[in-house]
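Participant: Taken in order, these protein sequences are the chains called A and B.
Heads up, the first sequence is in the numbering used here, so the first residue is 704 and it goes up one at a time.
Heads up, the second sequence is in the numbering used here, so the first residue is 704 and it goes up one at a time.
Glycine included, every Cβ here is placed at the ideal spot set by N, Cα and C.
Note that the coordinates shown come from a computational prediction; the quantities given were computed from them, not determined experimentally.
The following block contains the structure, expressed as structure tokens.
Number of protein chains: 2
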Amino acid sequence: MSNYENTLSPSRERTETFIFDFDHEHDHDPMHLRSILGGKGANLAEMTRLALPVPPGFTISTEACRAFLRKGWPSRLDVEIDEALGRLERRMGRRLGDAADPLLVSVRSGAQFSMPGMMDTVLNLGLNDESVVALARLSGDERFAYDSYARFIAMFGRIVLGIAGSHFELHLHAAMDAEGVRTEGELSVRSNQQLVRDYRVVVEKITDEPFPLEPAVQLRRAIAAIFTSWDGARARAFREHEGIDHALGTAATVQSMVFGNRDKNSGTGVAFTRNPSSGAPVPYGDFMRNAQGEDVVAGTSITQPLSELDAAFPEAAAQLRDAFVRLERHFRDMCDIEFTIEQGRLWMLQTRRGMRTGAAALRIAVAMVDDADIALSRDEAVARITPDHLAQVLHPSFAPDAVVDALTSGLAASPGAAVGRAYFDADTAIAAHERGEPVILIRTETSPDDVAGLLVCEGVLTARGGLVSHAAVVARGWGIPAVVGVSDLVVDVNAARVGGTTIAEGDWLSLDGSSGIVARGPVALTLNSEPPELSTILAWADTIREGRLGVRANADTAADARAARERGAEGIGLCRTEHMFLGADRLPVMREMILAGTEAEYQHSLERLLEVQREDFVDILEAMDGLQVTVRLLDPPLHEFLPDIDTLLVKDATEGLSEEETRLLAAARHWREVNPMLGVRGVRLGVLKPGLYAMQVRAVLEAARMRRDVGGDPHVEIMIPLTISAPEFELARGWVQAAIAEANDDDDPLDVRIGTMIETPRAALLAGEIARTADFFSFGTNDLTQMTFGFSRDDVEGKMMAPYLAKGLLAQNPFDVLDAAGVGELIRMAVQRGRETNPGLLVGVCGEHGGDATSIATLFACGVDYVSCSPFRIPTARLAAAHAVLAATSRRDES
Amino acid sequence: MSNYENTLSPSRERTETFIFDFDHEHDHDPMHLRSILGGKGANLAEMTRLALPVPPGFTISTEACRAFLRKGWPSRLDVEIDEALGRLERRMGRRLGDAADPLLVSVRSGAQFSMPGMMDTVLNLGLNDESVVALARLSGDERFAYDSYARFIAMFGRIVLGIAGSHFELHLHAAMDAEGVRTEGELSVRSNQQLVRDYRVVVEKITDEPFPLEPAVQLRRAIAAIFTSWDGARARAFREHEGIDHALGTAATVQSMVFGNRDKNSGTGVAFTRNPSSGAPVPYGDFMRNAQGEDVVAGTSITQPLSELDAAFPEAAAQLRDAFVRLERHFRDMCDIEFTIEQGRLWMLQTRRGMRTGAAALRIAVAMVDDADIALSRDEAVARITPDHLAQVLHPSFAPDAVVDALTSGLAASPGAAVGRAYFDADTAIAAHERGEPVILIRTETSPDDVAGLLVCEGVLTARGGLVSHAAVVARGWGIPAVVGVSDLVVDVNAARVGGTTIAEGDWLSLDGSSGIVARGPVALTLNSEPPELSTILAWADTIREGRLGVRANADTAADARAARERGAEGIGLCRTEHMFLGADRLPVMREMILAGTEAEYQHSLERLLEVQREDFVDILEAMDGLQVTVRLLDPPLHEFLPDIDTLLVKDATEGLSEEETRLLAAARHWREVNPMLGVRGVRLGVLKPGLYAMQVRAVLEAARMRRDVGGDPHVEIMIPLTISAPEFELARGWVQAAIAEANDDDDPLDVRIGTMIETPRAALLAGEIARTADFFSFGTNDLTQMTFGFSRDDVEGKMMAPYLAKGLLAQNPFDVLDAAGVGELIRMAVQRGRETNPGLLVGVCGEHGGDATSIATLFACGVDYVSCSPFRIPTARLAAAHAVLAATSRRDES
């Protein structure tokens, strides 16, 4: 419980009292007091202030909850509840538990952030054997009174006492069957009275205590149950997932009851002020006659669409429409409302900003900018769109109503859903693709040999590897949905197994790379078409971040570059040159270079590599004409270009090897590494393989000249990978400069910036030295995270990340969300040190964090100039970059 | 040349003039002005001040050299040379190149640090066709004059003009043969005159220019050649090896000539004031009649021992003995002297502190503390002993006169030389050992399976692996000489090949783990016995570092612990528990634990592991009774305990696998990692294998109780490896505390500190958080270096370190010498942050840097409390720790 001692955040200030009536005169608009009143309490107070018809009540603050969780029920709270209840009783002219004219109340939880997993609502509190008689008498409706009493006992039993609902439903369904009715509201008085008796037996049997009949006890137990539920496993898990502070606590509201189950001229409903699915400016919702709120929400009974409300309750419907307009203008957002009609009179029970789909979010935000009465600013509109909204509109997904025969699940490696037929190697995949079949490529893990197969498939599934495995990286780069690291998947030559299920070649399979789910058969997909408001919002986002935080793409091919540019990339921040050598026509030349026995052979293979590289660059520079392209020189260890040792060894022991294979085996052994992540790669290769980097730079420069010859406007930056020291960078810079001098156009030389990746902790620490001669830094946050944590992503993500997150040893997967405390500190330090010695230093980020919203905010705070991410994450990055700028501006304005 | 722009160090202050006469009135004792005057110039000025007979001259400062290397010959230098030469000519009453009474001079280089590879000495400068005639006339000795002239031309040709000496020797030997004489000094005038002509033809033919006859030109060219030689490849390589700044520059001395080749009453010699080999207080040296200095040094002619000087030159010998005493008292050290006797008169040409063996260094240092006239302090005595001195007396080595048939070389992984017969696997090695044969174990690389073989061998040789490979680490830990990573070694089942040479089983082989040399046949070794002064010096060192910097040992066995304690370890800083599971009787239990299918099997194997661990700890705690033992819980990835996949795969493809092997193969595949260094190891294993760490802690505590039961005094610290965050450490601390609570003696509980390794960059950055609940930190500098640089030592050290050092991309191998700028900064930061939140935090270092002198100084400056190293490096660490304390004290005194 020590969590709750630690209430330092300004959102957790101590208040003078624990309880605030809905019409309390706060210093601020109540809607801004969510940290004290909870969302529900704040909005009820706000609606009260707007003179909307809200049943009176009061809110017990989050502070009371924190006090309770620290040290148990605060005695002060008893006094305050009595006082608040006294005020409410005087205002309503009724007393809780009064045998003559009883007040009934609802008790609801309401935390600062909407949060599933918490105790929700208890209605009709205050009923007991005496007050029910009074209620029957006063309402003149015995059925209603006993219906309410029975509902109360079941609800209290379920929610406060934790009894499974089925215990009560058993009796309810028996009663309904016996009377032959279809809804609870139709039950006779007699049945309801019997239900009251049956329910109380259930309670006594399961809890070993009689049902509490004293209303003051009922109220305190309901409040304590709300507070306790804050600490429940589901609530905790949700908060961990969402990054919500466990120490916030929840508020509780106590509100006088109105009765939708009063009679046939009563009802209850939920409504949105606009369509939450499409965003269309038409109210949307359901209601139900003669029912209480839970009936609508639970979906246990049959509801009517909101459009029929006019016919049923013409006066209340008009009043509700009016309330919708006032709420939208006041909250300046689409609202979600819970209402009750009691004997024709409308009551508003709660409101909040309404959840919406991505498409609706975009449409509503843009519409509210255009609506003169709401006059949302463009900044506000952009701020309201979340990365999840974009993901929804940008990727296909399993259709909401689709039948999903889930088979297994793995790491969600590349978003979007895919359907296709299973193939187990590149060749059969290509053949199937050529026959017109959609292909799901299934491999134990992928290697460069599989690239041709990856190119033609709809989705990728692997048994091994983490989120930066070859399959994952390639799939994300190309926007192919992928699920990787499916640990119970065993892949054979032409079949795979998951548990007892066999997947044969050609079997239909579906996968969702956003959730990691793999399903049998073809699952129906929704083909989300991009709503027209998307480009409007992104253009506004671009205006916000202009000159503050750029967005480039990681793109290795002209096709990627074109896709990135279409999605708004302002250049390429990472053009990896190694992927260019993985094509079936290129890999052999690369291997030739590695195997070269003589200097002449070596130079010959370098020349051939130069030719193929030049071609690639011409196309990329064309796609990015007028924009910067940052070319990273060769980075991966050489064994990535060599065949698998295990396979060759087994072949050697059985069939024997050809001469070529024998040489390849020797080379693979020579270049095999214990820890390739920390091995001979990056600029280290440049040192060991003289002329390699110069060849690459020549290829880039020659391509740029070819572009200029046809009137193009190429811009190139050369990036040295894996630097550890200033002398190392200077040596590499020397090669690059010499190659530029050789290949540049003397009359009108291309201006080429030369910089380095910062991806080792040492480079970050020594950034001041390195920046003296570097024109730019680009943080490779993937590798920097691996080295800072000592995490090999391939190894730890599958085995270790889940337990580490579950046990709270890590707050987030640091490969998803940049680790601000460790890796972030290195980046801050490096940017600061680099700019000290080189004030003009350009700073970018080209790790995958460049496409993650939270990380983008951290990186902007570190002082980076641009982020670079895969083409498919560009829209998210544009949005998140705008959010980061807005957040920084608002922090500045506040201070 | 940009190096020379950068003259920021205080040792490179600018002086007002470029030139200082030997008797210049300096503000400080000239011996302290080595950075300006060079070692030679400083000591000549010092001897001049002591009124010893030094031929007059002047020194051209290092500042002149730096100016020359920056921008070429400084015009100011011409003026100053003319002025200094004028003063020297007036003092000597002779003029350079004078046809009547010529002055002749020697020109020598003299850098701040003694440095091979630089241009050394030109004698007799000033001779030409005219001055030689005057010299002949004035000396009345034509033979002497022409001998000097010929020598001068050859020396100038060789040293200043860079002509190979053989061109001159050809003529010289022809002349000597023709005259039938055995030394140069016996040649006739005629022959010498002919040699002058022949030598000048050689010069003109090779340089295409006539020999320069103008003495002013000779002088300037000699000086320029000295300055230029500072930048020569050999000098640069030497400085890189020794860590000397390239920007220092060298000085040059110009000294009036005296002539040891004047006549039979002349001679020249070199002497040490004590025996440089044994340290015995008896002068030691050689001399030669009628010869110039080079003859003695070159060893081309026959010398006489110094003991015969009395007989040859009684007066000079007495004067020299007197000079020896004065020099020793003045320099307070053993000195190395170059002297010349000209016609019976003694001249001192230079002096410096004499090089000495380790044994001599120890004996001299202790003797000079005892000598009332020298009265060296104990601090000074300790400061004079270098780690190399200790290495010489502590390890056997190839005997200096041994014939070494070098076969190849590799990484010098564990110091000392070994001789034995080649065996290629543990079983044959053990059998040979049991037959009484000394064994050299040769493997491609070693694994835990080889441990039994390692235990019995004299030396280890591997083809693969770097300085932290399994073989290297185990060998260093046990003090077994080892050479690893011999890249041209190919190891087969029962033979090995190096190039064309085959090493068969049983062949004799020798290796030197200090130099990396591998030789055929048995090489004679010197069995250095530890000189008695060693313990005196180390005891003095301990007094200096007491309470400032502790020295513990890395020891995993009782034998290691005993060896460490004998050598002065004050506890164990790193007791690795994994090595305890590698014994032939334990590995199967460890594998059982990994393969355990049920919880019961798992618990059963944990219990069995507990038993074997407990036994080991009892012995270790006994060996370290009364001292702290820091136990590191299990660290390595589990696949280290599993068999090699390749081998099983091949066996599977050929003979097939047993059921056991099939399970082992599956486990090996499951636990196989792409980058094991960054994989599931350390505390991560603790999280994945519940109960493992608790079992280990119970074993330690139960062992401690067993020790107490027999009256022992055990002290235990528990160390969590590979921590990345505070919650992770706190979780592990919780397990440890619970296990301690369970196993501790309630009546008299053992006080156990719980701390963590700091070996990931993130742990260093988050040290403030982690220190809140950690009792101690121990820096694992090996892994911290690997992660900070992104260097997998196994992969980069063999392929990359040599080119990186050669190209100056790294100043030192960061695995040998701690990288102060990168890794050191992380350590400084972590110590500071840790002590901020936990002022009582104990800080140690248990990486291999804990045994390296330079690193120890850096670590002490970072604020660590103790270092821990392998038992065999303990004496070095004790000495280096004292040095670090002394250096810090002297820095404090100076400021």
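Using a Cβ-Cβ cutoff of less than 8 Å, which residues in the same chain neighbour TYR707 (chain B) once the five nearest sequence positions on both sides are dropped?
Facilitator: With a pLDDT of only 40 at TYR707 (chain B), under 50, the local geometry of the prediction cannot be trusted, and the value read off the model is given with reservation. Hits under 8 Å: ARG769, LEU772, ARG773, ALA950 and GLY952.
Participant: Compare the C-beta of ILE1427 (chain B) with all C-beta atoms of chain A and state if any pair is closer than 8 Å.
Facilitator: Taking Cβ atoms only, chain A reaches closer than 8 Å to ILE1427 (chain B), which makes this a yes.
Participant: May I ask you to list, following chain order, the residues of the segment 1339 to 1358 of chain A that have a beta carbon less than 9 Å from some beta carbon of chain B?
Facilitator: Residues PRO1340, ILE1348, ASP1349, LEU1352, VAL1353, LYS1354, ASP1355, ALA1356 and THR1357.
Participant: Do ARG1581 (chain B) and the ligand HEM come close, with the Cβ less than 7 Å from some heavy atom?
Facilitator: By its list of ligands, the structure shown contains no ligand whatsoever, and the ligand HEM lies outside what it can speak to.
Participant: Determine, using beta carbons only, whether GLY1002 (chain A) comes closer than 8 Å to chain B.
Facilitator: Only weak support exists for where GLY1002 (chain A) lies, its pLDDT of 48 falling under 50; the coordinates are left without a value.
Participant: Below 8 Å on the Cβ atoms is my guess for GLY1162 (chain A) versus ILE1133 (chain A); work out the distance and round it to an integer in Å.
Facilitator: Going by Cβ atoms, the distance from GLY1162 (chain A) to ILE1133 (chain A) rounds to 15 Å, so no, they are not a contact pair.
Participant: Counting pairs of beta carbons, one from the segment 751 to 763 of chain B and one from the segment 883 to 896 of chain B, are three or more of them closer than 8 Å?
Facilitator: No contact exists between the segment 751 to 763 of chain B and the segment 883 to 896 of chain B.
Participant: Taking a Cβ distance cut-off of 7 Å, strictly less, list which residues of the segment 1440 to 1469 of chain B are near chain A, in chain order.
Facilitator: Answer in chain order: THR1463, PRO1464, ARG1465, LEU1468 and LEU1469.
Participant: Can you check whether the CB of VAL1377 (chain A) is closer than 8 Å to the CB of PRO1235 (chain B)?
Facilitator: Not closer than 8 Å, so no.
Participant: Give the list of continuous beta strand (DSSP E) stretches no shorter than 3 residues that lie fully inside the segment 1422 to 1505 of chain A.
Facilitator: Listed in chain order, they are 1456 to 1461 and 1479 to 1482.
Participant: By DSSP, does GLU1018 (chain A) sit in helix, in strand, or in coil?
Facilitator: Correct three-state label for GLU1018 (chain A): helix.
Participant: Any beta carbon from chain A within less than 8 Å of SER1150 (chain B)'s own beta carbon?
Facilitator: For SER1150 (chain B), the answer is no, since every Cβ of chain A falls outside 8 Å of its Cβ.
Participant: Can you look up CYS1549 (chain A) in the DSSP assignment and give me helix, strand or coil?
Facilitator: If DSSP states are grouped into helix, strand and coil, CYS1549 (chain A) belongs with coil.
Participant: Assuming VAL1334 (chain A) is part of the beta strand (DSSP E), what are its boundary residues?
Facilitator: Segment 1331 to 1335, the beta strand (DSSP E) holding VAL1334 (chain A).
Participant: Taking contact to mean at least 3 C-beta pairs separated by less than 8 Å, is the segment 913 to 925 of chain A in contact with the segment 868 to 881 of chain A?
Facilitator: Flag = no, the segment 913 to 925 of chain A and the segment 868 to 881 of chain A do not touch.
Participant: Against chain A, does LEU1562 (chain B) count as a neighbour if the rule is that its beta carbon must be under 8 Å from one of theirs?
Facilitator: No, its Cβ sits nowhere closer than 8 Å to a Cβ of chain A.
Participant: Cβ of PHE1480 (chain B) within 8 Å of Cβ of GLY1458 (chain B)?
Facilitator: Yes, Cβ-Cβ distance for PHE1480 (chain B) and GLY1458 (chain B) is below 8 Å.
Participant: According to DSSP, is GLN896 (chain B) part of a helix, a strand, or is it coil?
Facilitator: Correct three-state label for GLN896 (chain B): helix.
Participant: For the segment 747 to 829 of chain A, list the alpha helix (DSSP H) runs that are entirely contained and at least 4 residues long, ordered along the chain.
Facilitator: Listed in chain order, the complete alpha helix (DSSP H) runs (minimum 4 residues) inside the segment 747 to 829 of chain A are 765 to 774 and 778 to 795.
Participant: Between the alpha carbons of GLY970 (chain B) and ALA1019 (chain B), how many angstroms are there, rounded?
Facilitator: Their backbone Cα atoms lie some 11 Å apart in a straight line.
Participant: Rounded to whole angstroms, how far is the Cβ of ARG1059 (chain A) from the Cβ of PRO1008 (chain A), which I believe are closer than 8 Å?
Facilitator: At roughly 18 Å, the Cβ-Cβ gap does not stay under 8 Å, so ARG1059 (chain A) and PRO1008 (chain A) are not in contact.
Participant: Whose C-alpha, out of B:GLY860, B:ALA936, B:ILE926 and B:ARG1387, is nearest the C-alpha of THR910 (chain B)?
Facilitator: Among B:GLY860, B:ALA936, B:ILE926 and B:ARG1387, the Cα nearest to that of THR910 (chain B) belongs to B:GLY860.
Participant: Alpha carbon to alpha carbon, how far is ALA1584 (chain A) from THR1280 (chain A)?
Facilitator: Between ALA1584 (chain A) and THR1280 (chain A), the C-alpha separation is close to 27 Å.
Participant: Find out if the Cβ-Cβ distance for the pair LEU1030 (chain A), THR976 (chain A) is shorter than 8 Å.
Facilitator: In contact: LEU1030 (chain A) and THR976 (chain A) (Cβ atoms closer than 8 Å).
Participant: Give me the Cβ distance between PHE847 (chain B) and ASP966 (chain B), rounded to the nearest whole Å; I'm assuming they're in contact under 8 Å.
Facilitator: Going by Cβ atoms, the distance from PHE847 (chain B) to ASP966 (chain B) rounds to 7 Å, so yes, they are a contact pair.
Participant: Output needed for MET858 (chain B): all residues of its chain with C-beta closer than 8 Å, excluding positions within five of it in sequence on either side, in chain order.
Facilitator: Correct list, in chain order: THR824, VAL825, LEU826, ASN827 and GLU997.
Participant: Among all the DSSP beta bridges, which residues are the ones paired with ASN1257 (chain A)?
Facilitator: According to DSSP, ASN1257 (chain A) bridges with A:LEU1277.
Participant: Would you mind working out which of A:GLY1394, A:GLY988, A:ARG1265 and A:ARG1124 sits nearest PRO1225 (chain A), comparing C-alpha positions?
Facilitator: Out of A:GLY1394, A:GLY988, A:ARG1265 and A:ARG1124, A:ARG1124 has the C-alpha closest to the C-alpha of PRO1225 (chain A).
Participant: Are VAL1386 (chain B) and LYS1502 (chain A) closer than 8 Å when you measure CB to CB?
Facilitator: Contact: no.
Participant: Give a yes or no on whether the minimum CB-CB distance between LYS1510 (chain A) and chain B is below 8 Å.
Facilitator: By this cut-off, LYS1510 (chain A) is an interface position.
Participant: Is the CB-CB distance between PHE1320 (chain A) and VAL1439 (chain A) below 8 Å?
Facilitator: Result no, Cβ atoms of PHE1320 (chain A) and VAL1439 (chain A) do not sit closer than 8 Å.
Participant: Below 8 Å on C-beta distance, what does LYS1502 (chain B) contact in chain A?
Facilitator: Chain A residues near LYS1502 (chain B): VAL1383 and LEU1391.
Participant: Let's see if you can read the secondary structure: which residues bound the alpha helix (DSSP H) around LEU700 (chain B)?
Facilitator: In this structure chain B extends from 704 to 1598, so residue 700 (chain B) is not present and cannot be described.
Participant: May I ask you to verify whether the segment 1364 to 1373 of chain B touches the segment 1295 to 1311 of chain B, counting CB pairs closer than 8 Å and requiring at least 3?
Facilitator: At 8 Å Cβ cutoff, the stretches touch.
Participant: DSSP beta-bridge partners for SER959 (chain A)?
Facilitator: Partner(s): A:VAL808.
Participant: Just mark LEU1212 (chain B) as buried or exposed, buried being the case when its beta carbon has 16 or more other beta carbons within 10 Å.
Facilitator: Buried, since its Cβ has 16 or more Cβ neighbours within 10 Å.
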